[in-house]
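Structure first, commentary second.
2 protein chains.
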Amino acid sequence: MSVTAAKGFTAAGIAAGIKENGNPDLALVVNTGPRLAAAGVFTSNRVKAAPVLWSEQVLKGGRVSAVVLNSGGANACTGPKGFQDTHATAEKAAEVLDGHSAGEIAVASTGLIGVLLPMDKLLPGVETVAAQLSEHGGEKAAIAIKTTDTVHKTSVVTKDGWTVGGMAKGAGMLAPGLATMLVVLTTDADLESDALDEALRAATRTTFDRVDSDGCMSTNDTVLLLASGASRVTPGHEEFAEAVRAVCDDLGQQLIRDAEGASKDIKVEVINAATEDDAVEVGRAIARNNLLKCAIHGEDPNWGRVLSAIGTTSAAFEADRLNVAINGVWVCKNGGVGEDRDKVDMRYREVRIVADLAAGSETATIWTNDLTADYVHENSAYSS
Amino acid sequence: MSVTAAKGFTAAGIAAGIKENGNPDLALVVNTGPRLAAAGVFTSNRVKAAPVLWSEQVLKGGRVSAVVLNSGGANACTGPKGFQDTHATAEKAAEVLDGHSAGEIAVASTGLIGVLLPMDKLLPGVETVAAQLSEHGGEKAAIAIKTTDTVHKTSVVTKDGWTVGGMAKGAGMLAPGLATMLVVLTTDADLESDALDEALRAATRTTFDRVDSDGCMSTNDTVLLLASGASRVTPGHEEFAEAVRAVCDDLGQQLIRDAEGASKDIKVEVINAATEDDAVEVGRAIARNNLLKCAIHGEDPNWGRVLSAIGTTSAAFEADRLNVAINGVWVCKNGGVGEDRDKVDMRYREVRIVADLAAGSETATIWTNDLTADYVHENSAYSS
Chain A
54 MSVTAAKGFT AAGIAAGIKE NGNPDLALVV NTGPRLAAAG VFTSNRVKAA
104 PVLWSEQVLK GGRVSAVVLN SGGANACTGP KGFQDTHATA EKAAEVLDGH
154 SAGEIAVAST GLIGVLLPMD KLLPGVETVA AQLSEHGGEK AAIAIKTTDT
204 VHKTSVVTKD GWTVGGMAKG AGMLAPGLAT MLVVLTTDAD LESDALDEAL
254 RAATRTTFDR VDSDGCMSTN DTVLLLASGA SRVTPGHEEF AEAVRAVCDD
304 LGQQLIRDAE GASKDIKVEV INAATEDDAV EVGRAIARNN LLKCAIHGED
354 PNWGRVLSAI GTTSAAFEAD RLNVAINGVW VCKNGGVGED RDKVDMRYRE
404 VRIVADLAAG SETATIWTND LTADYVHENS AYSS
Chain B
54 MSVTAAKGFT AAGIAAGIKE NGNPDLALVV NTGPRLAAAG VFTSNRVKAA
104 PVLWSEQVLK GGRVSAVVLN SGGANACTGP KGFQDTHATA EKAAEVLDGH
154 SAGEIAVAST GLIGVLLPMD KLLPGVETVA AQLSEHGGEK AAIAIKTTDT
204 VHKTSVVTKD GWTVGGMAKG AGMLAPGLAT MLVVLTTDAD LESDALDEAL
254 RAATRTTFDR VDSDGCMSTN DTVLLLASGA SRVTPGHEEF AEAVRAVCDD
304 LGQQLIRDAE GASKDIKVEV INAATEDDAV EVGRAIARNN LLKCAIHGED
354 PNWGRVLSAI GTTSAAFEAD RLNVAINGVW VCKNGGVGED RDKVDMRYRE
404 VRIVADLAAG SETATIWTND LTADYVHENS AYSS
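One line per chain: the protein sequences are A and B, in this order. Basically my numbering = 1-based index in the first sequence + 53. Basically my numbering = 1-based index in the second sequence + 53.
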């Protein structure tokens, strides 16, 4: 399934030796057409990895015939040599995939920043992975892009004669613009790159961009949508956009559920905001408050930390009209003590915080995680 | 010493029973004149505690005769009743301090948000603490305002015939605008409130406002500067401003060194920025990056996380001209790999990160801490 659920795509994943532990680390996704339309969204971090700089150029043409993805190294902050390595990777893929041009091959990398990729492993790996391309290879490709992910993430939506499927990786450095991750979506819908671009940007804006596990924005975030046209069906704009949004939403939820060290998945809903921007700003401020994230970890419905987070924003609100519910209990009413906090049941993994700004009718939902000792342990040892 | 180092002040600190564990929790500082000039700086959090709302009004008059401070409860998000409690506290202090007016008595509180103070303990406590006022009471006052602080913090600078002294508390919710804390500074310099205000704002802007332990801004931050004029000396503007800055800087350093759960004190110096605002924005982005803070905890000189933090800012820089030094080793040069990261000695508590933006000549320094499992433990259990 995954990226090979839609017709017109092959994929494969192998262990090329990029990771020292021998785990799968190289994936290839190929669009077999007839159409080669594509759209992409990339990190808004101004320090961009070499593969992001490369793939942004590739996507300008609106055509992508293949995507090479590696885990085991981000190829970020690696200077001109890092960019040459990405270029060489695309050239190698073009060479082994007869009739392809390097300028239509996107590259994505994930792993430690500031380390050159072992090209003596990666380039032979491109040959090996190309030899294993299959219409059933989506699962293996999804496995090969994992870093600290404990599970691989895939999602598929099938409509009348056409399909949108995809894979994602991401477990840390998960924050908007985009959440740190690599995502490849494929569809056999018969659409041009402009239509793909519109649907993809609309979908990521309210899904991946509202996943904020740890407030840390990556240098490598990449979301690609490839269309083969193999279904010969051209879906309506709304229908297609909704299918892409559904797959992005599902993959975004899977990212949050697998976030490094997390013990709680926290849904922060901001309601009755004056504007959607206000709602997003307040949602992010709550989602990034370390003290609140620690409290949730301790199953402590500490609404004071929600209010102190809201207070740091520029959103429209009056402090004495704010209401906060945690898991359905309005523990804060009109900026003060509300219902008994002992009524809040925090035993389950899902925690729902509703912040009512009482300033309008706009809403936004941000997904985050708690802050745990396991997160600290995992991230204090990552590169050592 | 502390707030009683300068002539013209008395202070005391007692256990009034506000804290259930019986630790000291109520302090009183009194300006015995002849002058009663004062200035104050308060949290920029838009959700302000009742004592902040009260004291902001008091300070508008430029006269403060006494400050009542309690730990064991923040009196934040407590609605009209919370404000009445603060008012009653000032009235009680005015009553027991003969000849004082409640409108000249500042109040400051610290502790859990969203809980009413036990006024049946606090009001009798004001009588008790007033009975113990002494010219040697500064130390006891400093002890009574501790929450999770492991040590009390005081600082004194003595000049030609005049003195600036002070006390501070703060160990968590430490982030700018201001860092979460209560600070009372006193001086016997003979100055009017305008001069105090100018010196205080200049000092806090480059000291407390650049302490960012955990990115969480409090609802209760209060910094007061009281002048008694008892030295009969009117120092020069520059000299006085520098003395206030020195005391604020020293107290700010003490706050960072005692931050909850921290094992490293991190000095983030941003150099060669186009503007001071750019330098501060970049310094804060680095100081608030959870992944970097975890890496420093693990003694891992992970400069890639410094670059990914810089990349999230709007500061002027080119990614391929950035340089980063950790403890004196330029591990990142021109946006890529620099000197051998194994040369970085991370064994000591002090860690110095220099981020060179290569975009101008402005600098700023932000102080922060690492992110540790102890921080998570301490803050997941705080209110339970």
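A virtual CB, placed ideally from N, CA and C, is assigned to each residue, including glycine.
In terms of Cα proximity to residue 122 of chain B, the closest of B:235, B:327, B:337 and B:213 is B:235.
Interface flag for residue 356 of chain B against chain A is set, since a Cβ pair is found closer than 9 Å. Contact with chain A is absent for residue 109 of chain B, since none of that chain's Cβ atoms lies less than 9 Å from the residue's Cβ. Nearest neighbour of residue 58 of chain B by Cα position, chosen from B:294, B:118 and B:217, turns out to be B:217.
Taking C-alpha positions only, residue 164 of chain B is separated from residue 125 of chain B by approximately 5 Å. For the pair residue 328 of chain A and residue 99 of chain B, the CB atoms are not nearer than the 9 Å cut-off. Within the model, the alpha-carbon separation for residue 250 of chain A versus residue 168 of chain B is close to 50 Å. For residue 120 of chain B, the beta-bridge partners assigned by DSSP are B:82 and B:159. Put simply, the CB of residue 90 of chain B is far from chain A, with every gap to its CB atoms at 9 Å or more. The CB of residue 430 of chain A comes closer than 8 Å to the CB of 426 in chain B, given here in chain order. The same chain holds no residue with a CB closer than 7 Å to that of residue 433 of chain B once the five nearest residues on each side in sequence are set aside. In the DSSP assignment, residue 339 of chain A falls within the alpha helix (DSSP H) that extends over 329-340. A distance below 9 Å separates the beta carbons of residue 309 of chain B and residue 264 of chain B.
Here residue 282 of chain A is near residue 244 of chain A, since their CB atoms are less than 9 Å apart.
Within the same chain, 121 and 160 come within 6 Å of residue 142 of chain A by CB-CB distance, once the 5 residues on both sides are set aside. At a beta-carbon threshold of 7 Å, none of the residues of chain B lie near residue 258 of chain A; the nearest stands roughly 18 Å away.
Beta bridge pairing from DSSP links residue 319 of chain B with B:404 and B:421.
Against chain B, the CB of residue 366 of chain A has a partner CB under 9 Å away; the residue lies at that interface. Legend: CB atoms of the region 334-356 of chain B lying less than 7 Å from CB atoms of chain A belong to residues 342, 343, 344, 347, 348, 350, 351, 353, 355 and 356. Neighbours of residue 275 of chain B in chain A, taken as residues whose beta carbon is under 7 Å from its own, are absent, since the nearest beta carbon is some 15 Å off. Counting along the chain, no beta strand (DSSP E) covers residue 204 of chain A, and no H or E run does either. When secondary structure is reduced to three states using DSSP, residue 249 of chain A falls in the helix class. From the beta-carbon of residue 272 of chain A, the residues of chain B found nearer than 8 Å are 357, 360, 361 and 364. Boundaries of the alpha helix (DSSP H) harbouring residue 196 of chain A: 191-197, taken from the DSSP string. With respect to the C-alpha of residue 414 of chain A, the residue from A:220, A:278 and A:322 having the closest C-alpha is A:322. Apart from the 5 residues on each side of it in sequence, residue 392 of chain B sits with its Cβ closer than 8 Å to the Cβ of 382, 383, 384 and 386 in its chain, given in chain order. Contact annotation for residue 165 of chain B against chain A: 357 [CB-CB distance below 8 Å, chain order].
Using a Cβ-Cβ distance cut-off of 8 Å, the region 391-408 of chain B and the region 289-305 of chain B are not in contact, since fewer than three pairs of beta carbons, one from each stretch, lie closer than that value. Note on residue 205 of chain B: 16 or more other CB atoms within 10 angstroms of its CB, so buried under the neighbour-count rule. Residues are counted here when their Cβ sits less than 7 Å from a Cβ of chain B; for the region 118-140 of chain A these are 129, 130, 131 and 132, given in chain order. The residue from A:390, A:337, A:241 and A:66 with its alpha-carbon nearest to that of residue 210 of chain A is A:241. As a beta-bridge residue in DSSP terms, residue 222 of chain A pairs with A:235. The Cβ neighbour count for residue 422 of chain A, taken over all protein chains shown within 10 Å, is at least 16; the residue is labelled buried.
Where residue 134 of chain B is concerned, the enclosing alpha helix (DSSP H) starts and stops at 132-149. In this chain, the alpha helix (DSSP H) harbouring residue 346 of chain B covers 343-350. Assigned with DSSP and collapsed to three states, residue 415 of chain B falls in strand.
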